[in-house]
Structure formats: structure tokens, C-alpha cells
Amino acid sequence: MKKQFAVIGLGRFGGSVCKELYQMGHEVLAIDTNEDRVNDFSRFSTHAVVANATDENTLQSLGIRNFEHVVVAIGDNIQASILCTLLLKEMKVKQVWVKAQNQYHHKVVERIGADRIIHPEHDMGIRIAHYLVSEKIIDYIELSPEYSIVELIASRKVSENTIAKLDIRAKYGCTILGIKRGEKVTISPTPDQEIHLNDILIVIGHNNDLKRFEDEGL
Ligand code: ADP
2 MKKQFAVIGL GRFGGSVCKE LYQMGHEVLA IDTNEDRVND FSRFSTHAVV
52 ANATDENTLQ SLGIRNFEHV VVAIGDNIQA SILCTLLLKE MKVKQVWVKA
102 QNQYHHKVVE RIGADRIIHP EHDMGIRIAH YLVSEKIIDY IELSPEYSIV
152 ELIASRKVSE NTIAKLDIRA KYGCTILGIK RGEKVTISPT PDQEIHLNDI
202 LIVIGHNNDL KRFEDEGL
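Numbering of the sequence shown is given in our numbering, commencing with residue 2 and proceeding in unit increments.
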């Protein structure tokens, strides 16, 4: 289903969010004070406008209150990011996601009602650390400090076996959510599904169980 988004601030982070949403077929209003950036994004958004998102009247005239989802990706100007978030929440925008620069910024936008606060460098750093320590990990998503979803490459140890035979849930306490084989993705594979060498297993579990499966099971 097509959704409507507004992205405020078209730096590296906001720009990537904007482009990706637009390429996924959604409607995106792109906003920045910098005219060159706005021009660059005119072909990667539904509308791209030069506007100061800390000005209440400007936000009103852009009809921002009608957007269900707004991403505040204003970079170094923390004051502008905070003011913009405050205005959006006052206008009752349902979902305001904010890119935070530091913990102080995080605390303030949390207090004024930001629905989700993102630390892209911090989060990416954690993901990269996981790729670095294991050749088997393709991707990693932290669900909570204790639980994660990881994508692992199927080794010879598990290949040509069915999920039932490997009994991963009983042995390691983790669950295979899906299997990627080339372009094909099988979600919720049945127990009789056979795993092939170099399949990518999407596995959910407690971090300790996932680590045990990665070290001993693969
Ligand atoms: P990143 O770290 O993601 O690359 P940048 O600091 O480069 O972030 O980009 C932030 C963007 O936010 C810049 O393009 C800047 O012009 C824009 N910006 C800053 N203040 C405002 C504002 N008040 N309204 C709209 N856009 C803003």
C-alpha cells in the first residue's frame, strides 16, 4: 500500500531515507533549507521544497499535519531538530522519527514526544562489529539488548539436512524464520524443508543461543 512520508533534511541520512522510500513507490515530500539539495532530490521525491522546518507557518502551509509519518533528519543543528520535532508533535503528526546526534539530543526529543529516535552511526557500528567478528554473519538486527535476528550462511555441517532433522530449536533454542536461496525467500519454512550449502538462514533468538548455534551448529 502506498504511504505518505515527509523527510526533513536531505543530508546523507535523510537523503537515503527519502530516495529509498520513493523508489519503493511511496509518496515523499522532501524538505530542506538548502536549494541545491532540494534540486538534487526533485527526481527522488514526489515534491521537493526549499523550506525552513522550524517555522510553524511554513509547516502549516505544507500541510505537514496530514502526513502520518515524518522523519526529522536535520544534522548538526540540534536546536533546529528539537524545535521542528516539537512543532510536529504539537500539530499531532502521528509518527515523528528523529535522527539524534547524541544522548542529550535523544533525551530532549524523547521528552517532547518523538516516536522513534535513531542513531545511525551507533547502530551501524554495532552491526559492522558483528559482521567483523564472524564470517558466517551476513546481517544482524538487534531486537532488544538480549534478542536479535541474524542472517547466517549455511555451512556443510547443516546442508542436505531438513530443519526437523537438525532440531535447531530444541538444541540451540533459536528459530529459523526464513531461508534465502538466491533471489528466492521462503518465510516460515516447514520442518521438512531441506537446507542447501550457502543458503542464508534468517534466525531469531536470544543472543547467547544464537552465538552457540553459530559456533557449534554451523
Ligand atoms: P547527515 O549527517 O545525515 O549527512 P547533514 O547535516 O549533512 O546530515 O544534513 C542535514 C540537512 O538538514 C542539511 O541538508 C540541512 O540543509 C538541512 N537542514 C538544517 N536545518 C534545517 C531546517 N531548519 N529545515 C530544513 N532543513 C534543514
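The C-beta atom is built at its ideal place from N, Cα and C for all residues, glycine as well.
From a predicted model like this one, the values you see are computed outputs, not experimental measurements.
Item, Value
"Going by C-alpha to C-alpha distance, which of LYS20, ILE118, GLU217 sits closest to HIS107?", "ILE118"
"Report yes if the C-beta of ASP41 is less than 6 angstroms from at least one heavy atom of ligand 1; otherwise report no.", "no"
"Can you pull the DSSP bridge partners for GLU28?", "GLN5"
"Under 8 angstroms: do the segment 164-171 and the segment 122-139 share three or more Cβ pairs, one atom per stretch?", "no"
"Does the distance between the C-beta of LEU22 and the nearest non-hydrogen atom of ligand 2 fall short of 6 angstroms?", "Of the ligands one can find in the structure shown, namely ligand 1, none is ligand 2."
"Where DSSP assigns a beta bridge to TYR173, which residues make up the other side?", "TYR173 is not bridged to any residue."
"Beta carbon of ALA7, beta carbon of ILE83: below 7 angstroms?", "no"
"With the cut-off set at 7 angstroms, would you say LYS166 and LEU219 are in Cβ contact?", "no"
"Around the C-beta of ASP193, are 16 or more other C-beta atoms found within 10 angstroms, so that it is buried, or is it exposed?", "exposed"
"Is the segment 98-105 touching the segment 126-143, taking contact as three or more C-beta pairs under 8 angstroms?", "no"
"Please report the residue range of the alpha helix (DSSP H) in which VAL94 lies.", "Where VAL94 is concerned, there is no enclosing alpha helix (DSSP H), given that its DSSP letter is neither H nor E."
"Taking the C-alpha atoms as reference points, what is the distance between ILE9 and ASP210?", "40 angstroms"
"DSSP state of ALA49, grouped into three classes?", "strand"
"Could you tell me which of SER43, ASN40, VAL204 sits nearest to ILE139, measuring between CA atoms?", "VAL204"
"Suppose you measure from the CA of PHE214 to the CA of CYS175; what does that come to, to the nearest Å?", "8 angstroms"
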